[in-house]
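6 protein chains.
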Amino acid sequence: MTVSRPSGRASDQLRTISIERHYTRHAEGSVLVAFGDTRVLCTASIEDRMPLWLRGKGEGWVTAEYGMLPRATATRTQREATRGSQGGRTMEIQRLIGRSLRACVDRQALGERVVTLDCDVIQADGGTRTAAITGAYVALVDAVNSLMKRENLRRNPIIGAVAAVSVGVYQGMPVLDLDYAEDAHCDTDMNVVMNDGGGIIEVQGTAEGHAFRRSEMDAMLDLAEKGITELVGLQRAALELG
Amino acid sequence: MTVSRPSGRASDQLRTISIERHYTRHAEGSVLVAFGDTRVLCTASIEDRMPLWLRGKGEGWVTAEYGMLPRATATRTQREATRGSQGGRTMEIQRLIGRSLRACVDRQALGERVVTLDCDVIQADGGTRTAAITGAYVALVDAVNSLMKRENLRRNPIIGAVAAVSVGVYQGMPVLDLDYAEDAHCDTDMNVVMNDGGGIIEVQGTAEGHAFRRSEMDAMLDLAEKGITELVGLQRAALELG
Amino acid sequence: MTVSRPSGRASDQLRTISIERHYTRHAEGSVLVAFGDTRVLCTASIEDRMPLWLRGKGEGWVTAEYGMLPRATATRTQREATRGSQGGRTMEIQRLIGRSLRACVDRQALGERVVTLDCDVIQADGGTRTAAITGAYVALVDAVNSLMKRENLRRNPIIGAVAAVSVGVYQGMPVLDLDYAEDAHCDTDMNVVMNDGGGIIEVQGTAEGHAFRRSEMDAMLDLAEKGITELVGLQRAALELG
Amino acid sequence: MTVSRPSGRASDQLRTISIERHYTRHAEGSVLVAFGDTRVLCTASIEDRMPLWLRGKGEGWVTAEYGMLPRATATRTQREATRGSQGGRTMEIQRLIGRSLRACVDRQALGERVVTLDCDVIQADGGTRTAAITGAYVALVDAVNSLMKRENLRRNPIIGAVAAVSVGVYQGMPVLDLDYAEDAHCDTDMNVVMNDGGGIIEVQGTAEGHAFRRSEMDAMLDLAEKGITELVGLQRAALELG
Amino acid sequence: MTVSRPSGRASDQLRTISIERHYTRHAEGSVLVAFGDTRVLCTASIEDRMPLWLRGKGEGWVTAEYGMLPRATATRTQREATRGSQGGRTMEIQRLIGRSLRACVDRQALGERVVTLDCDVIQADGGTRTAAITGAYVALVDAVNSLMKRENLRRNPIIGAVAAVSVGVYQGMPVLDLDYAEDAHCDTDMNVVMNDGGGIIEVQGTAEGHAFRRSEMDAMLDLAEKGITELVGLQRAALELG
Amino acid sequence: MTVSRPSGRASDQLRTISIERHYTRHAEGSVLVAFGDTRVLCTASIEDRMPLWLRGKGEGWVTAEYGMLPRATATRTQREATRGSQGGRTMEIQRLIGRSLRACVDRQALGERVVTLDCDVIQADGGTRTAAITGAYVALVDAVNSLMKRENLRRNPIIGAVAAVSVGVYQGMPVLDLDYAEDAHCDTDMNVVMNDGGGIIEVQGTAEGHAFRRSEMDAMLDLAEKGITELVGLQRAALELG
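Chains as they are written, first to last, in the working numbering: chain A, 873 to 1114; chain B, 873 to 1114; chain C, 873 to 1114; chain D, 873 to 1114; chain E, 873 to 1114; chain F, 873 to 1114.
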């Protein structure tokens, strides 16, 4: 395969990843995550008031909201607050983030609390949802750790790690962690969320140009597994800094 | 494997499928599709006015809207028109239906026209989105055929067939075409959209209980392929009735 | 009078009416009613939670919601859930349905429960609101009967029957039960709701082309009374099937 | 019949009616109408820009909007602008006002212009919609007259007069022009709109307590005819003041 | 200075002011205030139910809502209830009115009650917000007095008087109480709210054409102080009429 | 005066100010401004499509939108996109920012273009609106400079500089540039916008605790003038970095 990626990266190479904790001071967890030029601010907020439908069940909830600053994108995007509602893409992404993070939380151990993960894209260059999940995990751990210091929880509500990456088929070649230049021209695009034990939490694959084969799917899943293993390592390293 | 499904079906067995064309008289295509007790009315409407962002490009558009009658469900669901907006689940589903059907349409051949696929759930028992995609395909073909009779299109805009089915892991056993009783208690749920050439158009898998393994994913994809092959046969049979 | 109706019906002749009970399985009452080509699905849902303003008064409430599938009409109508609100026509109709059905319910006997009548038009050919009222009555009776089997009500909350029909003046001739071809060209259009004792519950008459005379009004009311007597008979026959 | 009305009026007696023209200075027509303690400000605005669906047809449009100041009522009503939408009652009323006034306008003669009748209730004591129609007619005539002075219309777009009144059955006695004390306790309530030739434009009757008989309906229509004849006289007298 | 104002008024002269109490009968306080051709209906409504965030604190709340009838203005303004939300200007004004009136209320003395000041502009000719504040004060006093007659309050919740006026620089000359003809062409526009002790409650100054100097600001504040002293005298005179 | 500020600053001392240009890469101007712990991202976007009401007038427009990330604040604030509308405070602030920046733009020189200034608060600690105005000015200059390089403008649309600061009376002492700890407990709060020639563009003063005297107002305006002179110097220094 002699196809070369616009960024010059190897097909199985992540962009430069950075995870900056304590980025803002009010939130219980606050992480600025960068996947190359994609930058997402992830904050975790813990509140005691539960939604009505969950009260009195002795377990907590984890939810997410996603937003994009109007000029995170190449041309200005209308502010959803001005439009009067969140669009379908936003809803889809924040539902995905919420489901993904709930997969690493023991809701009984959390107790009757809600953790809200706000993921706001400061600058977009492809892969904002996978960066958001990867960063939100670190913010969540920080928030839960501060909770455990404050309150007397019986056990740690965090059960394992969660990270996400996009994979795709670019000009016939399976590639890892697409940036915008690739994303806009690839045939197939798949977002994969996995835990640190190699278990799959979410797979969302879409054929953009033409339908894809099982063999392509297998190659993409292999790449995703490799990438997520690296991301979990980077999350761990960031969290060890204390 | 000695697990038995609530419905008594074999693990690779579809529910009883029916596809009733010309169900209502105004729409260019109108299909009542049933996957067991799940019943969805799919209509295809062809209109000449294009959305602004597509005008003058010489190609058409295919979009979908999804709705659920308030009492399609076991307990009454609030009407979205009363609530004032479509929920996240609705948006996610209608975006999926639209993307899936666009995969079998040559938009240049369609010309500057919009086809809207309205999928309204009359009765829900699991798998409404996969039934919707499968039925909407038939409505789309009927609508395009009526268009071809009326107008002088250069070539048929329909390129292949599209169908969808859900698969999951129920009590450890991979199963095809989940009904509500299974869906509510399964560990993993995956919706697969494929074309009649065995190409994958969409895969959306979610771990409900615990993360799933690559081997489970493979087994589910095998089941999906088998089911979709049968569904494409049923679509073809329905369309041959004329 | 030698005017002939587009349908060939006599001036005092209803369209073919059908009332199909148990049309869907989840609702306490579920009726598909057809007035010719007009088809409306009417479901009755009984819920225990009362609106705030009625709590603790020891009596129930009956309310209605009306919707139209986007392609129930000759050209596609925008979905109200997408538009973000119900239109004035929808509100007017659902308020009429609610008031009409409350006229046959003893709200003390019902107890602190809400019955919601959802009337969704599957196919429209004129007279959807009168078909909805006529069908919703049967769904309501089915729902209340199932409630009486389950709970120990002191007395039957249903007091009499309610049905509705449209009448109009078409090319100078008073006619019963207008279909769309007549409705679109008539001079005057009136919807009448009556009970089985011949009492008038609602009259809504509108001059479309020119103002109407008392004599025309009298002729229309006579036709309505005849039509409603027949409809009440058809409701009774449907309910006797058990 | 020895029933006495709360106001001491005879059963066929209108409240004190006043029609004050030129109440505010900006609108082309501006009328403060009072039916007893019910006071409604009716303004008529003429604009050249047509709604999209009517452009280029060579005819005009007449439409109405209705509002209620928050403290027009005995207890404060939430402002619809704050709530974010107009309620069903408001929509129903403004649709009625618009239809009623269109019945006295020759839309071809009006030319491509929109007349908007804004009817805002300053103080409510029953019968706000009938007062609004009666007052809006006078505002409409003033606005059209000012238009005719300014522009060279071929013929007067106003064809006849329109007025409205409520009638009801109060403690078994048919009565004219209900005030709130009667309206809140009457068995039947009917709004009637007629033209100056005695033709009926709208009839909207609702049984509040129990269904009503044809004989009651006839008595109410007689009262309405008498009341509207008086109202048309009062409109004419007001307009002659110049 | 030889500049003359469009109205012929002296630079420090208010328009003709009138304050008409008991303008409508339902509200606890109801005042029609006129600053020249600007006419605003101000009603004060007292309710016992507190907003959630204030319950149980033993103190009351004063809030305001502002509206403009569609044809209060020279050309018709769209109704905010139709548009679906209040505009930024409306929100800004009603927040200002609320803050201003809270400055003269002892919320502990008021007890757990909400006073809502509805200010609806019947006719606009500049200075609607300052007229609204000046009139709302009188409505508030009337409402609180009626409350004190009904309930046993320990002390009068009204602490001093509040009035407001606009000032500006018109063709280089500082002027008091701008009407629309001045407002539309002035260089600077400032709204000042003061109490009867000469204390400043709000100052909102905006350079329309070019930035203004401290000396201009001083001249405007002097005019405002003179005007507000007169307005407080007129409020007192109106309230003494009983 | 021996009152000491929570931060230990002198009464006429600004917080540490930083202005970081080119903070994100897509916008024509992108500035992260910090007033102590208050951090606001200001982007300037230039677009060619004008709002309808300004088309064909040969002049441009400058507008602003303001947002707050949910966890910019000590406790989580609901996202306005989720709520479905911008609140009154947001609207008030973005209107102020827009007016302030328009004061330094020659709209004829700009030509038919819209500049949108998006000011998003990343972290809040008092004074977000004055930081936003001060930062947005720098983003605006960067955007206009890039426009002048690209297009052949006849003259520079930027006419002077604009900056803003808050002043207040804290425990009786007039102070400059309030942080949250002061803002929450001060008696009076005033936002002042000035240009680099010492002209006043906006003054918005509010008595929080009790009304303020002219002498206090004078002292606050003196402080504001001093602070804005320093801010204009910092803007100039930042822009000279190139």
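Just so it is clear, CB atoms sit at the ideal spot from N, CA and C, and this is done for glycine as well.
Chain E contact for D:Glu952 (CB, 8 Å cutoff) | Here residue 952 of chain D refers to the residue found at position 80 when the fourth sequence is read from its first residue. Taking Cβ atoms only, chain E reaches closer than 8 Å to D:Glu952, which makes this a yes.
Which listed residue (D:Gly960, D:Cys914, D:Arg971) has its alpha carbon closest to that of D:Met1066 | In the fourth sequence, counting from the first residue as 1, residue 1066 of chain D sits at position 194. It is D:Arg971 whose Cα lies nearest to the Cα of D:Met1066.
Can the beta-carbon of B:Ile1072 be found less than 8 Å from the beta-carbon of B:Val1034?
-> Taking the second sequence and counting its residues from 1, the one referred to as residue 1072 of chain B is at position 200. Taking the second sequence and counting its residues from 1, the one referred to as residue 1034 of chain B is at position 162. No, the Cβ-Cβ distance between B:Ile1072 and B:Val1034 is not below 8 Å.
Thinking D:Glu1054 and D:Arg877 are a contact (beta carbons under 8 Å), I'd like their distance in whole angstroms, please.
-> Counting from one through the fourth sequence, the residue named residue 1054 of chain D turns up at place 182. Counting from one through the fourth sequence, the residue named residue 877 of chain D turns up at place 5. So it is a contact: roughly 6 Å between Cβ atoms.
Length of the line joining the Cα atoms of B:Gln958 and A:Ala936 = What you label residue 958 of chain B is simply residue 86 of the second sequence in a count that begins at 1. What you label residue 936 of chain A is simply residue 64 of the first sequence in a count that begins at 1. Cα to Cα, the separation comes out at about 18 Å.
List, in order along the chain, the chain E residues whose C-beta lies closer than 7 Å to that of D:Arg948?
-> Numbered from its first residue, the fourth sequence carries residue 948 of chain D at position 76. Those are Ser917, Glu919, Thr988, listed as they occur along chain E.
Compute the Euclidean distance between the alpha carbons of F:Gln966 and E:Thr888, then round it to the nearest angstrom.
-> Position 94 of the sixth sequence holds residue 966 of chain F. Position 16 of the fifth sequence holds residue 888 of chain E. One C-alpha to the other measures close to 35 Å.
Find out if the Cβ-Cβ distance for the pair B:Val1041, B:Thr1060 is shorter than 8 Å.
-> Taking the first residue of the second sequence as 1, we reach residue 1041 of chain B at position 169. Taking the first residue of the second sequence as 1, we reach residue 1060 of chain B at position 188. In this structure, B:Thr1060 lies closer than 8 Å to B:Val1041 by Cβ.
Are B:Gly1105 and C:Ala953 close, meaning C-beta to C-beta below 8 Å?
-> Taking the first residue of the second sequence as 1, we reach residue 1105 of chain B at position 233. Taking the first residue of the third sequence as 1, we reach residue 953 of chain C at position 81. Against a cut-off of 8 Å, the Cβ pair of C:Ala953 and B:Gly1105 comes out as no contact.
Which partner residues of B:Gly928 appear in the DSSP bridge assignment?
-> For the purposes of this step, residue 928 of chain B is identified with residue 56 of the second sequence, where counting begins at 1. Answer by DSSP bridge pairing: none, since B:Gly928 is not bridged.
Interface positions of the segment 887-910 of chain F facing chain A (Cβ-Cβ less than 8 Å), listed along the chain = Thr896, Arg897, His898, Ala899, Ser902, Asp909
Do you know offhand how far B:Ala1110's Cα is from B:Thr949's?
-> Locating residue 1110 of chain B in the second sequence gives position 238, where the first residue counts as 1. Locating residue 949 of chain B in the second sequence gives position 77, where the first residue counts as 1. Cα-Cα distance, rounded: 32 Å.
Report yes if the CB atom of D:Val977 is closer than 8 Å to the CB atom of D:Ile1030, and no otherwise.
-> Translated into the one-based positions of the fourth sequence, residue 977 of chain D becomes position 105. Translated into the one-based positions of the fourth sequence, residue 1030 of chain D becomes position 158. For D:Val977 and D:Ile1030, yes; Cβs fall inside 8 Å.
Using the beta-carbon count (16 or more within 10 Å), is D:Val1016 buried or exposed?
-> Counting from one through the fourth sequence, the residue named residue 1016 of chain D turns up at place 144. Under this definition D:Val1016 is a buried residue.
Identify the residues that DSSP records as bridge partners of B:Glu937: which are they?
-> Taking the second sequence and counting its residues from 1, the one referred to as residue 937 of chain B is at position 65. B:Asp990.
Buried or exposed: where does E:Gly1077 fall if 16 or more other Cβ atoms within 10 Å of its Cβ makes it buried?
-> In the fifth sequence, counting from the first residue as 1, residue 1077 of chain E sits at position 205. Buried: at least 16 other Cβ atoms inside 10 Å.
Under 8 Å by beta carbon: chain E residues contacting F:Asn1067 | Numbered from 1 along the sixth sequence, position 195 holds the residue referred to as residue 1067 of chain F. Those within 8 Å of F:Asn1067 in chain E are Ala1083.
Looking at C-alpha atoms only, which residue of F:Asn1063, F:Asp909, F:Ala1096, F:Thr945 is the closest neighbour of A:Ala899?
-> Within the first sequence, the letter at position 27 stands for residue 899 of chain A. That would be F:Thr945, whose Cα lies nearest to the Cα of A:Ala899.
Within the same chain, show all residues whose beta-carbon is closer than 7 Å to that of D:Ala975, passing over the 5 residues directly before and after it, in chain order.
-> Your numbering for residue 975 of chain D matches position 103 in the fourth sequence. Result list for D:Ala975: Val1034, Asn1067, Ile1073, in chain order.
Residues in the segment 1022-1049 of chain E having any Cβ partner in chain G nearer than 8 Å | Absence of chain G from the displayed structure is noted, the protein chains being A, B, C, D, E and F.
Are three or more beta carbon pairs between the segment 994-1008 of chain F and the segment 894-914 of chain A nearer than 8 Å?
-> yes
Using a beta-carbon distance below 8 Å, is A:Asp1014 in contact with chain F?
-> Here the question's residue 1014 of chain A lines up with position 142 in the first sequence. By this cut-off, A:Asp1014 is not an interface position.
Taking only beta-carbon atoms, is E:Met1092 less than 8 Å away from chain F?
-> Start at 1 with the first residue of the fifth sequence, and residue 1092 of chain E comes out as number 220. Chain F contact via Cβ: absent.
Are there 16 or more other CB atoms within 10 angstroms of the CB of F:Gln980, so buried, or fewer, so exposed?
-> Locating residue 980 of chain F in the sixth sequence gives position 108, counting from the first residue. So F:Gln980 ends up on the exposed side.
Report yes if the CB atom of E:Gly998 is closer than 8 Å to the CB atom of E:Leu1050, and no otherwise.
-> On the fifth sequence, residue 998 of chain E is found 126 positions in, with the first residue counted as 1. On the fifth sequence, residue 1050 of chain E is found 178 positions in, with the first residue counted as 1. For E:Gly998 and E:Leu1050, yes; Cβs fall inside 8 Å.
Within 10 angstroms of the Cβ of E:Gln1043, are there 16 or more other Cβ atoms? Answer buried if so, exposed if not.
-> If you number the fifth sequence from 1, residue 1043 of chain E lands on position 171. Exposed.
Within 10 angstroms of the Cβ of B:Pro1046, are there 16 or more other Cβ atoms? Answer buried if so, exposed if not.
-> Counted from its first residue, the second sequence places residue 1046 of chain B at position 174. Per the 10 Å Cβ criterion, buried.
Have a look at C:Leu1019 and B:Cys914 and give me their C-alpha separation to the nearest angstrom.
-> In the third sequence, counting from the first residue as 1, residue 1019 of chain C sits at position 147. In the second sequence, counting from the first residue as 1, residue 914 of chain B sits at position 42. Straight-line Cα distance between these residues: approximately 33 Å.
Using a beta-carbon distance below 8 Å, is F:Thr1006 in contact with chain E?
-> On the sixth sequence, position 134 is the one that residue 1006 of chain F refers to. Taking Cβ atoms only, chain E never reaches closer than 8 Å to F:Thr1006, which makes this a no.
Rounded straight-line distance, which links the Cα of B:Ile969 to that of A:Ala1083 = The residue you call residue 1083 of chain A lines up with position 211 of the first sequence. The residue you call residue 969 of chain B lines up with position 97 of the second sequence. C-alpha separation (whole angstroms): 15 Å.
Member of D:Lys929, D:Gly932, D:Arg921, D:Thr947 whose CA lies at the smallest distance from the CA of E:Glu919 = One-based indexing of the fifth sequence puts residue 919 of chain E at position 47. Here the closest residue by C-alpha is D:Thr947.
Three-state secondary structure (DSSP) at A:Gly1077?
-> Here residue 1077 of chain A corresponds to residue number 205 of the first sequence, with the count starting at 1. Here A:Gly1077 sits in strand by DSSP.
Could you tell me which chain B residues have their CB closer than 8 Å to the CB of C:Glu1112, listed as they occur along the chain?
-> Counted from its first residue, the third sequence places residue 1112 of chain C at position 240. Result: empty, since nearest Cβ-Cβ is about 24 Å, beyond 8 Å.
Out of D:Leu1113, D:Arg1022, D:Glu1112, D:Leu1103, point me to the one whose CA is closest to D:Asp884's CA.
-> Stepping through the fourth sequence from its first residue, residue 884 of chain D is reached at position 12. Checked all of D:Leu1113, D:Arg1022, D:Glu1112, D:Leu1103; the closest Cα to D:Asp884 is D:Leu1103.
Cβ of F:Ala944 within 8 Å of any chain A Cβ = Mapped onto the sixth sequence, residue 944 of chain F falls at position 72. Cβ-Cβ to chain A under 8 Å: yes for F:Ala944.
Counted within 10 angstroms of its Cβ, other Cβ atoms place A:Asn1063 as buried (16 or more) or exposed = Taking the first residue of the first sequence as position 1, residue 1063 of chain A is located at position 191. A:Asn1063 comes out buried.
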